[in-house]
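A short write-up of the structure that comes next.
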Amino acid sequence: MTKQAKIDLLETYLSLYIDHTTVLDSLDDPNSKYVVLDVRNAPAFVKKDQIKGAIAMPAKDLAGHLPELDHDKIYVVYDWTAGTTLGKAALLTLLSADFEAYELASALEGWKGMNLPTETIG
Amino acid sequence: MTKQAKIDLLETYLSLYIDHTTVLDSLDDPNSKYVVLDVRNAPAFVKKDQIKGAIAMPAKDLAGHLPELDHDKIYVVYDWTAGTTLGKAALLTLLSADFEAYELASALEGWKGMNLPTETIG
Amino acid sequence: MTKQAKIDLLETYLSLYIDHTTVLDSLDDPNSKYVVLDVRNAPAFVKKDQIKGAIAMPAKDLAGHLPELDHDKIYVVYDWTAGTTLGKAALLTLLSADFEAYELASALEGWKGMNLPTETIG
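Protein chains in written order, with full-length UniProt numbering: chain A, 1 to 122; chain B, 1 to 122; chain C, 1 to 122.
Right under this line is the structure:
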């Protein structure tokens with residue numbers, strides 16, 4: 001495998017992600033251009049809590065909700081843990097519909113591991 | 001990074017995976033075309049349990065067992081958690097030998113998190 | 001998606017990783033060409049322990065420490081769990097600066113799950 005092929009893959013892969021610090025800075029800003037979407041498909045009683053201010057938008061329902069989204073916002077999706085496919089599937093739906101969107105690096109697990117703000121669901 | 005490069009990577013990446021619902025529907029069907037392979041390399045006492053009906057096929061032994069596999073089946077491999085490389089290594093071996101194969105999205109961790117059927121090993 | 005596109009992605013992706021066995025064999029060899037870098041960004045009291053013999057080199061500081069690294073060594077980076085982006089970001093920095101480098105497959109979580117040697121930080 002050539003070094004350039006590795007670098008190309010890493011650059012493209014990493015361009016799909018956004019760091020928690022960017023999201024965190026916008027949590028308390030009512031005019032923030034970032035909107036966090038919780039794309040987990042599990043029912044609310046399984047999810048229990050979510051990133052503070054996130055909007056529940058299960059990946060399985062996302063395509064039907066695209067007309068409600070705002071092309072002037074930047075969407076940040078997250079799943080339970082890093083490395084799963086649900087965030088990537090949601091990201092593909094959003095990018096294909098011409099939204100600016102990223103997956104949250106480290107996902108909910110990393111967010112909670114860093115003791116960042118969450119809120120109870122329900 | 002262009003949007004198209006991101007979409008191309010996401011589409012190829014996601015095409016490697018199969019959802020748990022597809023696998024679940026076939027668990028109780030004796031004529032199912034899906035065969036689930038547990039490719040974890042750990043010894044049985046560490047693994048303790050597995051997806052119901054899975055066949056233990058450690059990734060390190062897979063190449064030697066290819067002649068026993070059936071080209072009319074669809075193989076679904078899984079490792080402990082999503083994002084590891086063992087499932088991808090097994091998938092590469094299977095695809096390179098012309099089998100139809102996918103990695104199970106969310107892996108064993110996700111399967112158990114959704115309380116889907118497992119069985120004790122041993 | 002063509003089978004060849006899947007195989008190409010898997011081959012490139014897997015070429016970024018190195019197996020724990022390679023690292024393990026070199027842990028007690030003072031002349032080993034492998035150097036393990038712990039690229040977690042969390043403070044030491046959160047990290048608590050690390051892979052035995054690893055050097056703490058937070059991903060956020062890595063670019064500034066490149067002049068201290070040795071082009072005759074092979075660097076192995078790891079984050080908390082597999083599938084996160086920190087190891088890939090560190091890898092991109094190292095490869096772009098012409099170092100030979102890999103991410104540790106299964107990350108710290110997998111290393112500890114296999115009961116491989118760690119050491120307390122601090």
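Built from N, CA and C at the ideal position, the CB exists for glycine as well.
Small disclaimer: the values here were computed from a predicted structure and weren't measured.
Chain B within 8 angstroms of residue i, Cβ atoms only
{"i": "Gly122 (chain C)", "result": "no"}
{"i": "Lys6 (chain C)", "result": "yes"}
{"i": "residue 153 (chain C)", "result": "Because chain C here runs from 1 to 122, residue 153 (chain C) falls outside it and cannot be looked at."}
{"i": "Leu91 (chain A)", "result": "yes"}
Length of the line joining the Cα atoms of residue i and residue j
{"i": "Trp80 (chain A)", "j": "Thr118 (chain C)", "result": "27 angstroms"}
{"i": "Val76 (chain A)", "j": "His20 (chain B)", "result": "24 angstroms"}
{"i": "Trp111 (chain C)", "j": "Ile18 (chain C)", "result": "12 angstroms"}
{"i": "Leu91 (chain B)", "j": "Tyr102 (chain B)", "result": "7 angstroms"}
{"i": "residue 143 (chain A)", "j": "Met1 (chain C)", "result": "One cannot answer for residue 143 (chain A) here, as it falls past the ends of chain A, which runs 1 to 122."}
{"i": "Glu68 (chain C)", "j": "Leu95 (chain B)", "result": "42 angstroms"}
{"i": "Ile51 (chain B)", "j": "Glu109 (chain A)", "result": "23 angstroms"}
{"i": "Lys48 (chain B)", "j": "Ala56 (chain B)", "result": "12 angstroms"}
{"i": "Thr84 (chain C)", "j": "Ala107 (chain C)", "result": "9 angstroms"}
{"i": "Ser32 (chain C)", "j": "Leu116 (chain C)", "result": "18 angstroms"}
{"i": "Thr120 (chain A)", "j": "Asp28 (chain B)", "result": "37 angstroms"}
{"i": "Gly122 (chain A)", "j": "Lys88 (chain A)", "result": "26 angstroms"}
{"i": "Gly53 (chain A)", "j": "Val46 (chain B)", "result": "40 angstroms"}
{"i": "Thr12 (chain B)", "j": "Leu10 (chain C)", "result": "10 angstroms"}
{"i": "Lys3 (chain C)", "j": "Asp72 (chain A)", "result": "37 angstroms"}
{"i": "Asp98 (chain A)", "j": "Thr22 (chain A)", "result": "21 angstroms"}
{"i": "Asp34 (chain B)", "j": "Thr93 (chain B)", "result": "Here residue 34 (chain B) is Tyr; the residue named in the question, Asp, does not match the sequence. Straight-line Cα distance between these residues: approximately 17 angstroms."}
{"i": "Val36 (chain C)", "j": "Leu14 (chain A)", "result": "22 angstroms"}
{"i": "Pro30 (chain C)", "j": "Ile74 (chain C)", "result": "14 angstroms"}
{"i": "Asp8 (chain C)", "j": "Leu16 (chain C)", "result": "13 angstroms"}
{"i": "Leu66 (chain C)", "j": "Leu86 (chain C)", "result": "17 angstroms"}
{"i": "Glu100 (chain B)", "j": "Asp70 (chain A)", "result": "40 angstroms"}
{"i": "Thr26 (chain A)", "j": "Tyr78 (chain A)", "result": "Strictly speaking, residue 26 (chain A) in this sequence is Ser, with Thr absent from that position. So the two alpha carbons sit approximately 16 angstroms from each other."}
{"i": "Ala82 (chain B)", "j": "Leu24 (chain B)", "result": "18 angstroms"}
{"i": "Gly113 (chain C)", "j": "Gly113 (chain A)", "result": "18 angstroms"}
{"i": "Ala5 (chain A)", "j": "Lys6 (chain C)", "result": "15 angstroms"}
Proximity test, Cβ basis, 8 angstroms: residue i and chain C
{"i": "Gly87 (chain A)", "result": "no"}
{"i": "Ser32 (chain B)", "result": "no"}
{"i": "Ala116 (chain A)", "result": "Residue 116 (chain A) is actually Leu in this sequence, not Ala. Not closer than 8 angstroms to any Cβ of chain C, the Cβ of Leu116 (chain A) fails to qualify, so no."}
{"i": "Gly53 (chain A)", "result": "no"}
{"i": "Leu16 (chain B)", "result": "yes"}
{"i": "Leu62 (chain B)", "result": "no"}
Cβ of residue i within 8 angstroms of any chain A Cβ
{"i": "Glu109 (chain C)", "result": "no"}
{"i": "Lys112 (chain B)", "result": "no"}
{"i": "Ser106 (chain C)", "result": "no"}
{"i": "Met1 (chain B)", "result": "yes"}
{"i": "Leu24 (chain B)", "result": "no"}
{"i": "Leu66 (chain C)", "result": "no"}
{"i": "Leu10 (chain C)", "result": "no"}
{"i": "Leu94 (chain C)", "result": "no"}
Simplified DSSP state of residue i, which is helix, strand or coil
{"i": "Thr118 (chain A)", "result": "strand"}
{"i": "Leu9 (chain C)", "result": "helix"}
{"i": "Leu104 (chain B)", "result": "strand"}
{"i": "Val76 (chain B)", "result": "strand"}
{"i": "Asp28 (chain B)", "result": "coil"}
{"i": "Val46 (chain A)", "result": "helix"}
{"i": "Val39 (chain B)", "result": "coil"}
{"i": "Ala63 (chain C)", "result": "helix"}
{"i": "Ala56 (chain C)", "result": "strand"}
May I ask you to verify whether the stretch 31-44 of chain B touches the stretch 58-69 of chain B, counting CB pairs closer than 8 angstroms and requiring at least 3? Because the criterion of three Cβ pairs below 8 angstroms is met, the stretch 31-44 of chain B and the stretch 58-69 of chain B touch.
Using a Cβ-Cβ cutoff of 8 angstroms, what residues of the stretch 71-86 of chain C are near chain A? List them in chain order. If the cut-off is 8 angstroms between Cβ atoms, the stretch 71-86 of chain C has Trp80, Thr81, Ala82, Gly83, Thr84, Thr85 and Leu86 near chain A.
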